[in-house]
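Structure record follows, encoded as structure tokens.
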Amino acid sequence: MKTSISRLFIALIFVFAACLAFAQTIHVSGIVTDLGSGESLIGALVSNQDKTLVEVTNSKGYFNLLLPARDTLVLQVQYVGYETASLGLEATKDTVLNIGLRAGVSLQTVEVTSHSTRNQLELGMATLSPSEIERIPTLFGEADVLRALQILPGISGGKEGTSLLYVRGGTPDQNIILLDDIPIYFPAHLGGFLSVFEPRSIQQLKVYKGGFPARYGGRVSGVVDIQMKDGNHKEVKKEIGLGLLSSRLFIEGPLKKEKTSFHFSARRSFLDLLYSSAQLIINSQDERVSYGILDANLKIKHKLDNNNQLYFSYYGGGDNIRLKFRGSNPQYTSRETTRIRWGNQLAGLRWRHLRKRWVWSNAVSFTSFGYGTRSEFERKEIVTGDKTNEINQFQSKIVDFIFHSSADFSLSNQVNVVSGIRATRHNFQPSIERFKGSIEGNSVDTSVSVSNTVNHELSFYTEANIQLPRNWSANVGVHANWFVSDVRREDYQFLSVQPRLLLNYQPSPTWKHSLSISQMVQPLHLLSNSGGGLPVDIWVPASSVAPVERSWLYAAGTRFYHKGWEIQLEAYYKTLTNLIAFQEGTSFFRGATDWESKIVAEGKGVSYGLESFIKKHWTKWDLMISYTLSRHQRTFPQLNNGLSFPYRYDRRHDLALSISFKPKDNQRLSFLWVYHSGDALSLAQGGFDIHTLGFGSSPGSGFHLSEDYHEAHYYGSRNSFRMPDYHRLDLSWQVEKTMKKGIRKWIVGLYNSYNRINPYYIYFDENERGERQLYQFGLFPVLPAVSWVRSW
32 MKTSISRLFI ALIFVFAACL AFAQTIHVSG IVTDLGSGES LIGALVSNQD
82 KTLVEVTNSK GYFNLLLPAR DTLVLQVQYV GYETASLGLE ATKDTVLNIG
132 LRAGVSLQTV EVTSHSTRNQ LELGMATLSP SEIERIPTLF GEADVLRALQ
182 ILPGISGGKE GTSLLYVRGG TPDQNIILLD DIPIYFPAHL GGFLSVFEPR
232 SIQQLKVYKG GFPARYGGRV SGVVDIQMKD GNHKEVKKEI GLGLLSSRLF
282 IEGPLKKEKT SFHFSARRSF LDLLYSSAQL IINSQDERVS YGILDANLKI
332 KHKLDNNNQL YFSYYGGGDN IRLKFRGSNP QYTSRETTRI RWGNQLAGLR
382 WRHLRKRWVW SNAVSFTSFG YGTRSEFERK EIVTGDKTNE INQFQSKIVD
432 FIFHSSADFS LSNQVNVVSG IRATRHNFQP SIERFKGSIE GNSVDTSVSV
482 SNTVNHELSF YTEANIQLPR NWSANVGVHA NWFVSDVRRE DYQFLSVQPR
532 LLLNYQPSPT WKHSLSISQM VQPLHLLSNS GGGLPVDIWV PASSVAPVER
582 SWLYAAGTRF YHKGWEIQLE AYYKTLTNLI AFQEGTSFFR GATDWESKIV
632 AEGKGVSYGL ESFIKKHWTK WDLMISYTLS RHQRTFPQLN NGLSFPYRYD
682 RRHDLALSIS FKPKDNQRLS FLWVYHSGDA LSLAQGGFDI HTLGFGSSPG
732 SGFHLSEDYH EAHYYGSRNS FRMPDYHRLD LSWQVEKTMK KGIRKWIVGL
782 YNSYNRINPY YIYFDENERG ERQLYQFGLF PVLPAVSWVR SW
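As numbered in the working numbering, the sequence shown has no gaps in its residue numbers, which increase by one up to the final residue, 823.
Here it is in structure tokens:
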């Protein structure tokens, strides 16, 4: 049945694509850019003079209009915050334009009277601009891209302060996060408390919770698509920032004016310097703690000619923890050193070719994520001089090499097609553990590893944006995956064809109703170790024991725009299959090295909910309200007696209220209040003592009968307990001052301003009367923050 549905979707694409008008027409295409910087403008409106035909520029600033051939034609280009441009041209042949807009009158809204627009916000899709991200109050005063997304409906965070994303009941590994179309595997620092993305480097950010276009695949829950800035083509711009947690640098400009541009940004934490200074002050020689964070972004754009551009993108960053301890007593001296490192690296080279009717793009890239620990221990006996040495190491890594080719072409004003192919070579190195030691001249050197696996994934996609009669439109597509894995030297492979459908009805320019159906598959699994917050999770490929994860998502919603108001309402139902998890009490670091023997498979998930979103902009005020009512369930045959149980982050209610006010043009006061229901967890519902008898011995008395008591606990249904509800209020105050050269900005913030001690975790302990009692531990009280930014 599903195969028949997929074939029907493929047929629909080509049937609609074939329904073209054969009237005498011409193609007018090109790119819209900022006249001052040369950056592409995303979402600009390009239309004929009477606005009966309107096109919206895509994520690369590209547009394509099919217009009636005539002697002369007037084209209008509009973008919020820019002067409207009117161009007169001879409309007798296909034309490619490079249109620059000048920053000027800030248009609040652009009235669109045509229903033939595309590339606008769709069902399940949301965007945030860098300026919106930077004015949201955050932990430590650090603007955080992923944490800003958590205030949108249907998207939540995990533990307090973390920036990982849980989209409509999914897990962070079920989201694909793309930086310039290159996947990044672990997008966070500090165990999840800070994302790796620098807002100043971002040109566009889009997140998809549903209604997935066919171009996206490889994950089953969400898509975050981030495009970095190309860099200023005209002049050099610089910015530096200092905060409590880190310092940052941003610079962009032309390498060759009007030809080659670049942007570079870097961020480094102060934590290692603060630790070192504190240790010098207290004169601690026996303990050394260091924690360093580093991010670096680089993008270069080179214009070969008006129709050909080359792009190079790079990101590198990670965390580095060092711990040193020394000890001594009359018998021996000891020294212990531990180093923990993790991080991402990615790079890509892209060639984009612009033709009269289409854009062709080819790219090669690689991405990698690695985690490693190394600990050394040395002990020396003072009397004998004997030495004991131990070295323990652990490594895990995944490396991908990717080739991606795509074409975006307009068959008419009613039909736009995007097609592409992506080939990926996954190299999994799940773990290498090594122990090396020596005692009194006797040495041992062992290495235990899970064998590397090389897997290949081939994806093909095609989608068509189709304008239908009577104010209907559709995005119809398919995404096909072929995956080959050699886990345990067995040839595991699968072929999947995933249909995608987004259907829109727009009765007026301000109101749109939508319906979507999407299937997604994921050929990778993440084995998650609960606890410490470090990324000791292991990426492994799908296999016959742990097949590919699958999801079906059904959604319906409506969007309303009127006089600056944006109101959205969406409902969804999602199913997940082939989920995996560690067996109870199992860790990747203990027992057998074969990960497949440590998991439970055949898991299923069901998520459904209702999401609402309200947004309004006034001259001095901005308002944003999001609310989600949802339920997320999991079922594993081997867990909870096969009965369904709440997912850990099953939050019935999730509410965010953001208000921003500008008392003066150079000042902004922002408020953010968040509330959500308590997370689900398992707690012991009772305890009892186990009395054991055995034999013991003592000098002079020989063997005797011994008794021992152990406390045991019994649990009810899995995740049947709820933590207290969570809420907090964050504040920030931004003040700008124009200097002789550039702008200076101060940002003062207050996280958790009314000092609500929300539980980070809950545990049992004995009170003063020796009774067992439940306690909660809160990690974040009220926290002030201050940062300084200088740009010129």
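For each residue, glycine too, the CB sits at the ideal point set by N, CA and C. The structure presented is a predicted model; accordingly, all values stated were derived computationally and were not measured.
Look at the alpha carbon of residue i and the alpha carbon of residue j, and state the distance between them as a whole number of angstroms.
| i | j | result |
| --- | --- | --- |
| W626 | R581 | 21 angstroms |
| S344 | Y706 | 38 angstroms |
| P530 | T659 | 27 angstroms |
| S365 | D350 | 27 angstroms |
| A219 | W649 | 34 angstroms |
| Y592 | Q460 | 50 angstroms |
| V63 | T115 | 12 angstroms |
| S187 | D175 | 14 angstroms |
| C50 | H556 | Since pLDDT at C50 reaches only 48, below the 50 mark, its modelled position is unreliable, and the value read off the structure follows with that caveat. Spanning the two alpha carbons is a distance of roughly 42 angstroms. |
| F702 | L546 | 34 angstroms |
| L96 | Q235 | 23 angstroms |
| P828 | K428 | Here the chain comprises residues numbered 32 to 823, so residue 828 is not present and cannot be evaluated. |
| L180 | L159 | 8 angstroms |
| P538 | I598 | 16 angstroms |
| F676 | G379 | 42 angstroms |
| D685 | R319 | 42 angstroms |
| V143 | V637 | Here V143 scores only 43 on pLDDT, less than 50, and its place in the model should not be relied on; the value that follows carries that caveat. C-alpha separation (whole angstroms): 39 angstroms. |
| L104 | F94 | 17 angstroms |
Taking all protein chains shown into account, do 16 or more other C-beta atoms lie within 10 angstroms of the C-beta of residue i, making it buried, or fewer, making it exposed?
| i | result |
| --- | --- |
| W373 | buried |
| E229 | buried |
| Y523 | buried |
| Q80 | exposed |
| G248 | buried |
| Q804 | exposed |
| G747 | exposed |
| K288 | exposed |
| W819 | exposed |
| Q807 | exposed |
| T493 | buried |
| Q698 | exposed |
Do the CB positions of residue i and residue j come within less than 8 angstroms of each other?
| i | j | result |
| --- | --- | --- |
| L66 | R133 | yes |
| S296 | R231 | yes |
| Y639 | Y604 | yes |
| F514 | P540 | no |
| F301 | E367 | no |
| G242 | E266 | no |
| K647 | K693 | no |
| T589 | L600 | yes |
| T126 | A100 | no |
| V817 | G401 | no |
| L654 | G634 | no |
| L431 | P214 | Looking at the sequence provided, one finds Asp at residue 431 rather than Leu. The answer is yes: Cβ separation under 8 angstroms. |
| V251 | V552 | yes |
| D761 | S784 | yes |
| L641 | A602 | yes |
| R246 | G61 | no |
| R370 | T404 | yes |
| K237 | G155 | no |
Give the secondary structure of residue i by DSSP, where H, G and I count as helix, E and B as strand, and everything else as coil.
| i | result |
| --- | --- |
| I182 | coil |
| I164 | helix |
| N337 | coil |
| F171 | helix |
| Q80 | coil |
| N671 | helix |
| L286 | strand |
| L209 | strand |
| E633 | strand |
| W823 | coil |
| G262 | coil |
- Answer yes if the segment 221-235 comes into contact with the segment 193-207, meaning at least three C-beta pairs across the two stretches below 8 angstroms, and no otherwise. Touching, per the Cβ criterion.
- Message: Below 8 angstroms, how does it come out for the segment 439-459 and the segment 382-390: are there three or more Cβ pairs, yes or no?
- Response: Per the Cβ contact rule, the segment 439-459 is in contact with the segment 382-390 (3 or more Cβ pairs under 8 angstroms).
- Message: Taking contact to mean 3 or more Cβ pairs, one atom from each stretch, closer than 8 angstroms, check whether the segment 695-713 and the segment 746-753 are in contact.
- Response: The segment 695-713, when compared against the segment 746-753, does touch it at the 8 angstroms Cβ threshold.
- Message: Three or more C-beta pairs under 8 angstroms: does that hold for the segment 247-260 against the segment 498-508?
- Response: Taking one beta carbon from each stretch, the segment 247-260 and the segment 498-508 have fewer than 3 pairs nearer than 8 angstroms; the two do not touch.
- Query: Between the segment 763-780 and the segment 790-799, are three or more C-beta pairs nearer than 8 angstroms?
  - Reply: In short, these stretches do not touch, since the Cβ pair count stays below three.
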